[in-house]
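Numbering (our numbering), first residue to last: 191 to 497.
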């Protein structure tokens, strides 16, 4: 819809500020802010969050890239030249691969840093949904991750000429709001016909999950690891449903003859979540003492830095 937020004339020629990249960074930033605030509420030193994120963010990008290439139509190119994993101008990213990569690497750092791994996972899980909500707006801007053609007739325009890459339109009946891509702008692969706005659906759904998981974290925790498990239960069905409306074939749509990459990965994540609940529930919650600003002064109590 609007792949480039602005263009700049530089000594190296015209350079574009891509909306997708900016919103991806904003998503990571928002997730980091929320996670840091909640770490202090459960007695963990948020100073440890910066090095954790410096490990988790690159790992999440690599995980997202790896899952994309393993499951998509780009797999043959990747197997022939694996180094394209690091070339962000080729291929795409799969969110679940990013979430898995970030959680695993962040958990390994948390353990090494002496943090409670499961409490840290619960603090961070809702923020992953917040970051996804913002990141999917980047997909909307770039034109990727769109839906299939929508059969409902167009009734009118919503955004008019606001976006260079297309319009949001009213359609008769479900989904009531659709997208139409203009040719030559962005990466949308269905031009001139209304498509399901799957990026906006997932952005709204992820924001809703962020709210639900945040309330659960605040008022309904019974054991460490519960919010991570809840995320693993709630997100896959939402994503599975949205995937049935997706129209970008690049991501891979025929794993085991019937699943998209994210549908199959989501089913695996969902299955693991039940084992996680059975394992963690009997262990309950570890003690929590909220930290204040003065608590973070190492001269007052060096042991606080180990939390």
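Virtual Cβ for every residue (Gly too), placed ideally from N, Cα, C. Only a predicted model underlies this, so the values are computations on that prediction, with no experimental measurement involved.
Where residue i falls, given that 16 or more other Cβ within 10 Å makes a residue buried
{"i": "residue 444", "result": "exposed"}
{"i": "residue 363", "result": "exposed"}
{"i": "residue 210", "result": "buried"}
{"i": "residue 346", "result": "exposed"}
{"i": "residue 451", "result": "buried"}
{"i": "residue 197", "result": "exposed"}
{"i": "residue 281", "result": "buried"}
{"i": "residue 468", "result": "exposed"}
{"i": "residue 432", "result": "buried"}
{"i": "residue 259", "result": "buried"}
{"i": "residue 330", "result": "buried"}
{"i": "residue 244", "result": "exposed"}
{"i": "residue 448", "result": "exposed"}
{"i": "residue 237", "result": "exposed"}
{"i": "residue 459", "result": "buried"}
{"i": "residue 414", "result": "buried"}
{"i": "residue 316", "result": "buried"}
{"i": "residue 327", "result": "buried"}
Bridge partners - residue i, DSSP secondary structure assignment
{"i": "residue 368", "result": "359"}
{"i": "residue 525", "result": "The shown model of the chain, from 191 to 497, leaves out residue 525, and the question about it has no answer."}
{"i": "residue 339", "result": "385"}
{"i": "residue 344", "result": "361"}
Three-way DSSP call (helix, strand, coil) for residue i in this model
{"i": "residue 445", "result": "strand"}
{"i": "residue 350", "result": "coil"}
{"i": "residue 232", "result": "coil"}
{"i": "residue 433", "result": "helix"}
{"i": "residue 439", "result": "helix"}
{"i": "residue 285", "result": "helix"}
{"i": "residue 292", "result": "helix"}
{"i": "residue 225", "result": "helix"}
{"i": "residue 399", "result": "helix"}
{"i": "residue 217", "result": "helix"}
{"i": "residue 380", "result": "coil"}
{"i": "residue 304", "result": "coil"}
{"i": "residue 278", "result": "coil"}
{"i": "residue 211", "result": "helix"}
{"i": "residue 298", "result": "helix"}
{"i": "residue 394", "result": "helix"}
Residue-chain proximity (residue i, chain C), Cβ-Cβ < 8 Å
{"i": "residue 361", "result": "As a matter of chain content, chain C is missing from the structure shown, which is built from one protein chain."}
Opening and closing residue of the alpha helix (DSSP H) in which residue i lies
{"i": "residue 312", "result": "307-332"}
{"i": "residue 243", "result": "239-261"}
{"i": "residue 456", "result": "451-470"}
{"i": "residue 475", "result": "Note, residue 475: premise wrong, no alpha helix (DSSP H); not H, not E."}
{"i": "residue 267", "result": "265-270"}
(request) Ignoring anything shorter than 4 residues or poking outside the region 403-431, list the alpha helix (DSSP H) runs there in chain order. (result) none
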